[in-house]
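Working notes, beginning with the structure itself.
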Amino acid sequence: MRGAGERQDPDGDLVARVAAGDQEAVRELVDRHIIALMAVGRRLLGSQHDAEEIVQEVFLRVWANAAKWQPGRATFATWMHRVAINLCYDRLRRRREVTVETMPEVVDAGPSPDKGLEDEALTKRIESELQALPERQRAALVLCHYQGLSQSEAAEILNISVEALESLLSRARRRLKDRLSDVAQDYFGT
Amino acid sequence: MDKKRLSAILEAYGADPAHWPAAERAAALALAEAEPSLANERSAAATLDRLLAKAPAGTVDNALRTRVLETAPPPRMRTLPKGGRRARGAPGFNEIIRIPSFGGVAIARPVAILAIAICLGLGAGALLPSGVDSAQSDTEVLNALWGGPAITQDGANL
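Same order as they appear, the protein sequences are chains A and B.
Under my numbering, residues 84 to 273 are what the first sequence spells out, in order.
Under my numbering, residues 31 to 188 are what the second sequence spells out, in order.
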């Protein structure tokens, strides 16, 4: 019997089958979530390689915990996102602990003197500004804007209130709008 | 829903109503369409949305998918039912090797197996070609059986 606050989990049956060793269920669970998890990792970390490691680590945790999974308030997808975010935070923390001597050269994210930006240059510029956001703002933006999660789901994953989530999103978008105003003018004439 | 709240929604969630809080979406959309003074804000939010769409989402190739699948626990082995009983209809040892009994007493299984092994050994010896005896080496036996040159362990012919 479903308790108060429990929601139907679209992955509930699949996780049970994974726990029972059903290989078809394993493949289906991977195919359902691998692209979304890659997107979270890629946009939070700014690195394809790092994102691949995050994806693999998330699924290692999935295999280890499938048998213990109990349906409750959070869906399995929410749990996977939370694992991915926390793993990304860990990786970002380790990056900050790198010594100054080994720090990679910081890419200048300021306005380019060349007004006619190519698509690739624009992509790099957007990514650079995204990576320059404080990580909590970036995480909020990734979950809400890119992953399309609801406010309550994103807030749950980040372990904050919906109000705090909205504040993070506002600050992130304000900063990006300000930093990218020249690009917006170049690209869209706005 | 008022203009201030709609501005806050546009600032936090962008111009796409699909990203707006579900409970406020209908009211916000109605106000957005009815309030032309907010058109510039909505347009600016839409521009930022288009720029954000350029950020790479990463790629998932078969190699990554394979690596992930390879870490999954293997399928569980099928176990025998409780009691170790065979499936209905499957023959057991006694059905495969009928053990004769003398005076109503069945020969013990190990003795039967020994007897069978002796019989097989005697039979194999009887089947050896006349030119082969037990004192010959394995190589010489093979040569006698197959008629070809003996092959040493390292592949060279003798």
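Built from N, CA and C at the ideal position, the CB exists for glycine as well.
#### Entry: Buried/exposed call for Q220 of chain A, threshold 16 Cβ in 10 Å
With 16 or more other Cβ atoms from the protein chains shown falling within 10 Å of its own Cβ, Q220 of chain A counts as buried.
### Query
Does the pairing of the region 121 to 130 of chain A with the region 143 to 161 of chain A give three or more beta-carbon distances under 8 Å?
Fewer than three Cβ pairs drawn from the region 121 to 130 of chain A and the region 143 to 161 of chain A lie within less than 8 Å of each other, which leaves the two stretches out of contact.
### Query
How big is the Cα-Cα spacing for R144 of chain A and P51 of chain B?
R144 of chain A and P51 of chain B: Cα-Cα distance of roughly 31 Å.
### Query
Taking L252 of chain A as the reference, which of A:L97, A:E218, A:C171, A:L205 has the closest Cα?
For L252 of chain A, the nearest C-alpha among the options comes from A:E218.
### Query
By the 10 Å Cβ neighbour count, where 16 or more other Cβ atoms means buried, how is E236 of chain A classified, buried or exposed?
Taking a 10 Å sphere around the C-beta of E236 of chain A, we find 16 or more other C-beta atoms and assign the residue as buried.
#### Entry: Proximity test, Cβ basis, 8 Å: G95 of chain A and chain B
G95 of chain A has a beta carbon lying at 8 Å or more from every beta carbon in chain B.
### Task
Below 8 Å between beta carbons is the criterion; list the residues of the region 125 to 143 of chain A that meet it against any residue of chain B, in chain order.
Those would be R125, R126, Q131, A134, E135, V138, Q139, F142, L143, in chain order.
### Query
Considering K34 of chain B, what are the terminal residues of the alpha helix (DSSP H) in which it resides?
Its alpha helix (DSSP H) spans residues 33 to 43.
### Task
Could you name the residues of chain A that R35 of chain B contacts, counting a contact when the two beta carbons are closer than 8 Å?
Near R35 of chain B there are no residues of chain A at all, since even the closest Cβ is about 11 Å away, more than 8 Å.
### Task
Report yes or no: is there a C-beta of chain B within less than 8 Å of the C-beta of K260 of chain A?
Contact of K260 of chain A with chain B is assigned, a C-beta pair being separated by under 8 Å.
### Distance between beta carbons of L216 of chain A and R258 of chain A, contact taken as under 8 Å
At roughly 6 Å, the Cβ-Cβ gap stays under 8 Å, so R258 of chain A and L216 of chain A are in contact.
### Message
Buried or exposed for L248 of chain A, going by 16 or more other Cβ atoms inside 10 Å?
### Response
The C-beta of L248 of chain A has 16 or more other C-beta atoms within 10 Å across all chains shown, which makes the residue buried.
### Query
In this structure, does DSSP put K151 of chain A in helix, strand or coil?
In the displayed model, K151 of chain A falls within a helix according to three-state DSSP.
### Query
Is it a yes or a no for the region 99 to 106 of chain B touching the region 99 to 117 of chain A, going by three-plus beta-carbon pairs under 8 Å?
Touching, per the Cβ criterion.
#### Entry: Contact the region 56 to 64 of chain B vs the region 88 to 99 of chain B: 3+ CB pairs below 8 Å
In short, these stretches do not touch, since the Cβ pair count stays below three.
### Task
Whole angstroms is fine: what's the gap from A42 of chain B's alpha carbon to L241 of chain A's?
Rounded to the nearest whole angstrom, the CA to CA distance from A42 of chain B to L241 of chain A is 16 Å.
### Task
Classify A85 of chain B as helix, strand or coil using the three-state DSSP reduction.
Under the three-state reduction of DSSP, A85 of chain B is assigned to coil, being neither helix nor strand.
### Task
Report yes if the CB atom of E239 of chain A is closer than 8 Å to the CB atom of A157 of chain A, and no otherwise.
A Cβ-Cβ contact shorter than 8 Å links E239 of chain A with A157 of chain A.
### Task
Under the assumption that L127 of chain A contacts A222 of chain A (Cβ atoms under 8 Å), give the Cβ distance between them as a whole number of angstroms.
Indeed they touch by this definition, with Cβ atoms about 6 Å apart.
#### Entry: N-terminal and C-terminal residue of the alpha helix (DSSP H) that H228 of chain A is part of
Careful: H228 of chain A lies outside any alpha helix (DSSP H) and carries neither H nor E.
### Query
When DSSP labels each residue in this structure, what does T77 of chain B get in the three-state scheme?
Three-state DSSP puts T77 of chain B in a helix.
### Query
Where does Q91 of chain A fall in DSSP's three states?
Looking at Q91 of chain A - three-state DSSP - the assignment turns out to be coil, as it is neither helix nor strand.
### Message
So, with DSSP's three-state summary, where would you put E65 of chain B?
### Response
Looking at E65 of chain B - three-state DSSP - the assignment turns out to be coil, as it is neither helix nor strand.
#### Entry: Cβ neighbours of H164 of chain A in the same chain (closer than 6 Å, five flanking residues each side left out)
Non-local beta-carbon contacts of H164 of chain A in its own chain, meaning distances under 6 Å to residues more than five positions away in sequence, involve I240 in chain order.
### Message
I need the DSSP call for N242 of chain A, collapsed to helix, strand or coil.
### Response
Of the three classes helix, strand and coil, the one that applies to N242 of chain A here is coil, per DSSP.
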